[in-house]
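So this note's numbering is basically just the index in the sequence shown, starting at one, shifted up by 9.
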Amino acid sequence: MRGKNLVQLIQTLDLLSRPMGATRKELAEGLRISQRSVSRSIQTIEGIGIPVYDDRTGLEREKHWRIDSAYLSRMPNLDLPKIALSLPEIISLSMLAGESVIFKGTEISRHIAAAIAKLMLFLPEDTQAELSALKRIFICKTMGSKTYSGKEDTIRTLTESILNRTACNITYHAFYKDEIKEEDIGPLHFYENRGGLYLFAQKMKTRSIRSYAVERILRIRPLNRNIIYPPDFDPEETLNSAFDLTHGDPVSVKIRFSPAVARYIKEKTWARDQTLTEHPDGSLILTMTSSGRRDIKSWVLSFGKDALLLEPEDLKQEILADLEKSLEAMQKK
Numbered sequence: 010m011r012g013k014n015l016v017q018l019i020q021t022l023d024l025l026s027r028p029m030g031a032t033r034k035e036l037a038e039g040l041r042i043s044q045r046s047v048s049r050s051i052q053t054i055e056g057i058g059i060p061v062y063d064d065r066t067g068l069e070r071e072k073h074w075r076i077d078s079a080y081l082s083r084m085p086n087l088d089l090p091k092i093a094l095s096l097p098e099i100i101s102l103s104m105l106a107g108e109s110v111i112f113k114g115t116e117i118s119r120h121i122a123a124a125i126a127k128l129m130l131f132l133p134e135d136t137q138a139e140l141s142a143l144k145r146i147f148i149c150k151t152m153g154s155k156t157y158s159g160k161e162d163t164i165r166t167l168t169e170s171i172l173n174r175t176a177c178n179i180t181y182h183a184f185y186k187d188e189i190k191e192e193d194i195g196p197l198h199f200y201e202n203r204g205g206l207y208l209f210a211q212k213m214k215t216r217s218i219r220s221y222a223v224e225r226i227l228r229i230r231p232l233n234r235n236i237i238y239p240p241d242f243d244p245e246e247t248l249n250s251a252f253d254l255t256h257g258d259p260v261s262v263k264i265r266f267s268p269a270v271a272r273y274i275k276e277k278t279w280a281r282d283q284t285l286t287e288h289p290d291g292s293l294i295l296t297m298t299s300s301g302r303r304d305i306k307s308w309v310l311s312f313g314k315d316a317l318l319l320e321p322e323d324l325k326q327e328i329l330a331d332l333e334k335s336l337e338a339m340q341k342k
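What follows is the structure, encoded as structure tokens:
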């Protein structure tokens with residue numbers, strides 16, 4: 010018997026076990042199925058040897074179906090959750106499942122699918138239909154997402170360390186310096202960024218907080234060493250103050266954007282303290298303070314001629330130097 014049918018059978022037994030039993034209409038409404046399906050459920054119950062009888066008392070117009078009271082005393086108590094989701098909750102569940110695309114192709118993805126499948130067993134058929142319909146509405150971009158197939162043990166070890174507040178020893182490939190290093194860390198939080206899974210962790214040697222790309226952890230070993238969560242660390246504040254991934258000293262910038270991209274810039278909040286100054290020609294100036302100097306530079310360059318860094322001067326000179334090197338390299342080809 011399929012899982013959904015088994016749950017429906019148990020729910021039918023639960024309704025028939027009430028002292029007053031249930032009419033066909035009550036069964037259909039309670040189980041959210043057709044009266045024909047009600048008949049099949051009753052036949053299935055009778056087919057496995059559970060006696061069901063019907064009667065009509067007094068002025069009742071409909072028959073009530075019950076399980077024989079003598080048989081009830083030999084049955085275990087049944088208690089199934091009754092789950093009713095509103096449309097906003099259904100949409101939220103669908104979007105949450107879609108966010109798990111980061112784990113596509115891993116055991117974690119299969120665990121998420123199995124958990125949702127178990128939840129579906131207890132949802133009414135109309136709710137299941139709404140969830141299925143939402144699959145046609147919400148789609149998730151997978152291009153550019155990182156793959157974590159083969160990293161399940163790493164993620165599991167990090168998760169256990171976060172929950173138990175214990176340290177780990179990792180071998181990590183730092184891309185920026187292109188070096189492989191070994192260090193002891195105290196894992197604190199996972200977070201997602203641009204299709205990648207990252208980790209906030211405390212370096213045990215210096216007590217500083219660093220970000221690690223999970224896919225770059227080459228080896229991991231749990232340590233029998235407890236850690237103390239840093240009391241002055243606010244992960245949400247840290248994420249909000251960083252422009253992208255780099256967490257460092259704050260830098261104040263002033264950037265002019267052309268009319269061609271000004272509307273796009275106005276659509277988003279780039280920093281908590283940002284100010285936007287619009288000009289008659291349609292251009293605007295964004296002023297903000299954020300950490301992530303290298304990320305800000307890359308972001309400005311991504312707009313090409315439509316973005317001009319005005320301040321600070323030293324970062325402006327860095328961008329000019331990068332552009333000169335790029336131009337020189339292109340001219341050599």
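Here a beta-carbon is modelled for each residue, glycine too, at the ideal position from N, C-alpha and C.
Output yes or no for whether 8 Å exceeds the beta carbon distance between residue i and residue j.
i, j, result
"ILE229", "ALA176", "no"
"ILE328", "LEU319", "no"
"ASP241", "VAL270", "no"
"PRO244", "HIS198", "yes"
"VAL223", "ILE274", "no"
"ILE226", "GLU161", "no"
"ILE76", "ILE59", "yes"
"LEU206", "SER220", "no"
"GLY39", "HIS73", "no"
"THR296", "THR278", "no"
"THR168", "PRO231", "no"
"TYR185", "LEU248", "no"
"TYR157", "THR115", "yes"
"PRO268", "ASP290", "yes"
Please state whether DSSP places residue i in a helix, a strand or coil.
i, result
"ARG228", "strand"
"SER220", "strand"
"PHE4", "Outside the displayed range of the chain (10 to 342) lies residue 4, so it cannot be described from this structure."
"ASP162", "helix"
"GLY195", "strand"
"THR168", "helix"
"THR247", "helix"
"ARG6", "With the chain represented from 10 up to 342, any question about residue 6 goes unanswered, as that position is not in the structure."
"ARG41", "coil"
"PHE242", "coil"
"THR156", "coil"
"THR175", "strand"
"LYS113", "coil"
"LYS214", "coil"
"SER118", "helix"
Starting from the C-beta of residue i, find all residues in its chain whose C-beta is less than 6 Å away, skip the five residues before and the five after it, and write them out in chain order.
i, result
"ARG33", "GLN44 and VAL47"
"GLU287", "LEU293"
"ALA37", "GLN44 and VAL47"
"THR298", "PRO259, SER261 and ASP282"
"TRP308", "none"
"ALA280", "MET297 and SER299"
Per DSSP, what are the beta-bridge partners of residue i in this structure?
i, result
"ALA183", "GLU188"
"ALA138", "Answer is none; ALA138 lacks a bridge partner."
"SER261", "THR298"
"VAL61", "ILE76"
"ALA31", "TRP74"
"TYR200", "TYR207"
"PHE266", "LEU293 and ALA316"
"ASN235", "THR175"
Skipping 5 residues on each side, what residues in its chain have a beta carbon closer than 8 Å to that of residue i?
i, result
"LYS350", "Absent from the model: residue 350. The displayed extent of the chain is 10 to 342, so no value can be given."
"LEU324", "VAL260, VAL262, ARG302, ILE305, LYS306 and LEU318"
"GLU35", "LEU24"
"LEU18", "MET10, SER50, THR53 and ILE54"
"SER170", "ALA176, CYS177, GLY195, PRO196 and PRO231"
"LYS334", "none"
"ASP331", "LYS306 and LEU310"
What residues in its chain sit with their C-beta under 7 Å from that of residue i, if we drop five residues either side in the sequence?
i, result
"MET213", "ALA176, ASP193, ILE194 and GLY195"
"GLN52", "none"
"ARG174", "ASN235, ILE236 and TYR238"
"PRO28", "none"
Can you list the alpha helix (DSSP H) stretches of 4 or more residues lying completely in the stretch 278-338, in chain order? 302-311
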